[in-house]
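**Q** I am attaching a structure below and will ask some questions about it afterwards.
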Amino acid sequence: MIKKLLLIPALVLLIPMKPVKAEIEGYTVTYEYETRLTSYYPTRANVETGCGLKYNNFDVNENGWFTYDGRLVIATATDYLLNYGWKLGDGVRTYEYYQELILNIDGVDYLAVVLDSCGICMTTGRIDLFVVDKKSIKDTTIIVKEITNDEMI
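Positions 1 to 153 (the numbering used here) are the ones given, in order, by the sequence shown.
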């Protein structure tokens, strides 16, 4: 569910950051922050992600972004790389494979799932969006919302 805000001049609303209901029904935001979103596109069709899935397991949405079970496919800093001795940059957050996040890209909330690790993301904290080709590349600042699934609580 997407909520609209009515902006009234000279009126400032302070909205608490945590915890709040996510705009995607069934999830609660536990933490949010801003980071850079960049893109990754495969040069070979048989590339395998860190979690073991291949590109033929994914669909492509209208933006040319890969999806898995309706969620954007992303790579980022992972606990997996930490376990193999990779160093973590100051303030960088790590995630498990199959962990879900909400990414607010250009004002729109998208459910995403971590399916791969990204080495440079371990020091920068950025997130890589899997895209089908160069025309679908996205490079922008986004809001990342860490979430819990209300049905699993």
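The beta-carbon is built from N, C-alpha and C at its ideal position, and this holds for glycine as well.
State the Cα-Cα distance for the pair residue 22 and residue 94, rounded to the nearest angstrom.
**A** Note that residue 22 has pLDDT 43, beneath the 50 cutoff, so the model's placement of it is unreliable and no number is given.
**Q** Which class does residue 56 belong to by DSSP, given the choice of helix, strand or coil?
**A** Residue 56 falls in the helix class under three-state DSSP.
**Q** Reducing DSSP to helix, strand and coil, say where residue 18 ends up.
**A** Any reading at residue 18 is ruled out, since the residue's pLDDT is 38, under 50, leaving its predicted position unreliable.
**Q** Could you say which of 31, 38, 26, 24 lies nearest to residue 140 if we only look at CA atoms?
**A** When each option's Cα is compared against that of residue 140, the closest is 38.
**Q** Pull the bridge partners of residue 84 from the DSSP assignment, please.
**A** Beta-bridge pairing links residue 84 to no other residue.
**Q** What are the uninterrupted segments assigned as beta strand (DSSP E) that are 3 or more residues long and contained completely in the region 70-126, given in chain order?
**A** Runs of the beta strand (DSSP E) inside the region 70-126: 71-76, 100-105, 108-117.
**Q** Quick check on residue 29: buried or exposed, where buried means 16 or more other Cβ atoms within 10 Å of its Cβ?
**A** It is buried - the Cβ of residue 29 has at least 16 other Cβ atoms within 10 Å.
**Q** Identify whether residue 150 lies in helix, strand or coil by the three-state DSSP scheme.
**A** Helix.
**Q** What are the partner residues of residue 39, as DSSP defines its beta bridges?
**A** Bridge partners of residue 39: 129.
**Q** Alpha carbon to alpha carbon, how far is residue 74 from residue 112?
**A** Approximately 7 Å, taken between the alpha carbons.
**Q** Under the assumption that residue 144 contacts residue 88 (Cβ atoms under 8 Å), give the Cβ distance between them as a whole number of angstroms.
**A** The Cβ separation is near 16 Å, so there is no contact.
**Q** Consult DSSP for residue 138 and reduce its assignment to one of helix, strand or coil.
**A** Residue 138 falls in the coil class under three-state DSSP.
**Q** According to DSSP, is residue 24 helix, strand or coil?
**A** In this structure, residue 24 counts as coil in the three-state DSSP scheme.
**Q** Of the residues 61, 26, 79, 132, which one's Cα is nearest the Cα of residue 116?
**A** Taking only the C-alpha atoms, the option nearest residue 116 is 79.
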